[in-house]
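Inspection log for the structure reproduced underneath, given as structure tokens.
Numbering (the working numbering), first residue to last: 61 to 243.
Okay, here's the thing in structure tokens:
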């Protein structure tokens with residue numbers, strides 16, 4: 061009887077640890093590069109670096125895709141202003157940060173802090189990072205839907221009209237005085 065209980069306990073620990081493994085981020089890999097907004101050439105990718113209970117901690121990187129046809133190559137386009145927004149752990153509000161990515165920046169920008177994302181919920185639903193981004197599953201069949209819990213905004217930085225952009229308070233609140241400059 062002890063051997064059976066020991067075997068069941070070992071099996072339970074194995075299954076529990078397997079379920080906690082970040083799906084889609086095996087080998088500590090990043091997701092694919094994803095466009096933040098479909099009409100602007102700023103891209104993002106994610107990598108889960110830690111899991112504590114129901115909270116996953118993610119490294120986030122950004123880059124400008126200079127090769128895509130949506131890249132703003134007009135002489136008045138200096139780059140992209142950007143609001144990166146993600147939910148607090150209680151999902152009661154969002155944390156927003158403002159950025160300016162200038163076309164002179166040819167590299168990959170990594171956020172200095174990891175972002176915490178609640179992955180597992182009391183009703184059994186969960187968020188999962190796949191190569192194609194975050195997904196949400198709600199049932200035992202593991203049916204996945206795209207998880208859109210970020211509310212980001214990207215627009216062009218125009219030299220001839222620097223205050224004109226769509227990232228105003230009614231959408232996302234780009235704050236010029238707090239913007240992190242990426243040059």
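Yeah, the Cβ is synthetic: ideal placement off N, Cα and C, and Gly gets one too. Predicted, not measured: the structure shown is a model, and the values here were computed from it.
(message) Along the chain, where does the beta strand (DSSP E) containing residue 195 start, and where does it finish?
(response) In the chain shown, the residue the question calls residue 195 occupies position 135. Element bounds for residue 195: 193 to 197.
(request) Output the distance between the C-alpha atoms of residue 162 and residue 111, rounded to the nearest integer angstrom. (result) On the chain shown, residue 162 is found 102 positions in, with the first residue counted as 1. On the chain shown, residue 111 is found 51 positions in, with the first residue counted as 1. Distance between the alpha carbons of residue 162 and residue 111 is about 33 Å.
(request) Drop a sphere of 10 angstroms on the beta-carbon of residue 140, count the other beta-carbons inside from all chains shown, and report buried for 16 or more, exposed for fewer. (result) In the chain shown, residue 140 corresponds to position 80, counting from 1. That one is buried.
(request) Below 7 Å CB to CB, which residues in the same chain sit around residue 92 once its five sequence neighbours on both sides are set aside? (result) Here residue 92 corresponds to residue number 32 of the chain shown, with the count starting at 1. Cβ neighbours of residue 92 beyond the five flanking positions: 105, 191, 192.
(message) Does residue 158 pass the burial test, meaning 16 or more other C-beta atoms within 10 Å, or should it be called exposed?
(response) The residue you call residue 158 lines up with position 98 of the chain shown. Label assigned to residue 158: buried.
(message) Suppose you measure from the CA of residue 237 to the CA of residue 134; what does that come to, to the nearest Å?
(response) If you number the chain shown from 1, residue 237 lands on position 177. If you number the chain shown from 1, residue 134 lands on position 74. Answer to the nearest angstrom: the Cα atoms are 26 Å apart.
(request) Kindly indicate the opening and closing residues of the beta strand (DSSP E) around residue 144. (result) Position 84 of the chain shown, counted from the first residue, corresponds to residue 144. From DSSP, the beta strand (DSSP E) with residue 144 extends over 137 to 147.
(request) Whole angstroms is fine: what's the gap from residue 136's alpha carbon to residue 220's? (result) Residue mapping note: residue 136 aligns to position 76 of the chain shown, counting from 1. Residue mapping note: residue 220 aligns to position 160 of the chain shown, counting from 1. The alpha-carbon atoms of residue 136 and residue 220 are separated by roughly 6 Å.
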